[in-house]
Amino acid sequence: MIIETTEILDKDLAREESNILVDMSRYVKNPKTQYKDYKSFALKGIILVILLMITVNVIFNECIDNPDLFYVQLTMIVLLGGAFIILELLWISANKAYKGLVGKEIKLKYVFDKEKVECDVIGENKVTLYWNSVNYIKTFDKVFCIIPKDMTGIALFMEMKYFEQVKQFIKENNINVNTVE
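77 is the number of the first residue of the sequence shown in this note's numbering; add one for each residue after it.
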């Protein structure tokens, strides 16, 4: 079976794919992993940490004279600063993946057979994923993803409009791959 498509990744599709990419190691380990929007999660977390830092400073502002409370304030600021850095790195990672995908026109050719699925990103590269190295296929709102058994494999994304066609191919060819919807 051959599926050829030209995708221009709109904001929603790019956001979904980038969030899945950021969380891919969790999807490889657990099929029941819930989808998370990391960009908005990190942004909300950053705002919360900033507000907590301001609150800690206001509450402990009067306590500079008391050395014991000063160290409590300093410890809280350091911990909140660490949380801020972690959330900032998460936001940068999600944003970088998103910007690499949004608005990009991608010409793809998928070739399915009994042994493998090949994805040819026309003009760039070609990847092969053998069915025996596929963990499962997971559906999301706009895409479905063929997820490998470990992080050494590559995950393949396809728009949901092709899901039934791929599912039928797998069934007709008795390929042992589960789907998680």
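C-beta atoms are modelled at their ideal positions from N, C-alpha and C, and glycine is treated no differently. Values in this document were obtained by computation on a predicted structure and should not be read as measured data.
- DSSP places glutamate 257 outside both helix and strand once states are collapsed to three, so it counts as coil.
- Setting aside the 5 residues that flank it on each side, valine 253 is surrounded in the same chain by Trp207, Val210, Tyr212, Ile213 and Ile246, each with a C-beta closer than 7 Å to its C-beta; the list follows chain order.
- A straight line joining the alpha-carbon of leucine 89 with that of tyrosine 111 spans about 13 Å.
- By the CB criterion at 8 Å, leucine 205 and valine 197 fall outside the cutoff.
- Inclusion of aspartate 226 and valine 104 in the CB contact set at 8 Å is warranted, their separation being smaller than that value.
- In the three-state scheme derived from DSSP, where H, G and I count as helix and E and B as strand, tyrosine 111 is classed as coil.
- In the three-state reduction of the DSSP assignment, glutamate 164 falls in the helix class, which pools H, G and I.
- Note that the C-beta distance between leucine 232 and valine 193 is below 8 Å.
- Per DSSP, the beta bridge partners of threonine 82 are Lys183.
- With contact defined as three or more Cβ pairs closer than 8 Å, the stretch 113-122 and the stretch 158-168 are in contact.
- Rounded to the nearest whole angstrom, the CA to CA distance from isoleucine 153 to methionine 129 is 6 Å.
- Measuring C-alpha to C-alpha distances from methionine 77 to each of Leu127, Val242 and Asn250 identifies Val242 as the nearest.
- Going by DSSP, aspartate 196 is part of the beta strand (DSSP E) stretching over 192-197.
- Per DSSP, methionine 100 is one residue of the alpha helix (DSSP H) stretching across 100-105.
- Comparing alpha-carbon positions, the option among Glu200, Phe160, Ala173 and Thr109 lying closest to valine 125 turns out to be Phe160.
- Of Glu257, Glu248, Ile230 and Pro224, the smallest CA-CA separation from methionine 236 is found for Glu257.
- Across the structure, asparagine 95 and leucine 145 are spaced so that their CA atoms are roughly 41 Å apart.
- When C-alpha distances from glutamate 80 are compared across Ile182, Glu191, Thr215 and Ile122, the shortest belongs to Ile182.
- Excluding five sequence positions before and after threonine 255, the CB atoms of its chain that fall closer than 6 Å to its own CB belong to Ile213, given in chain order.
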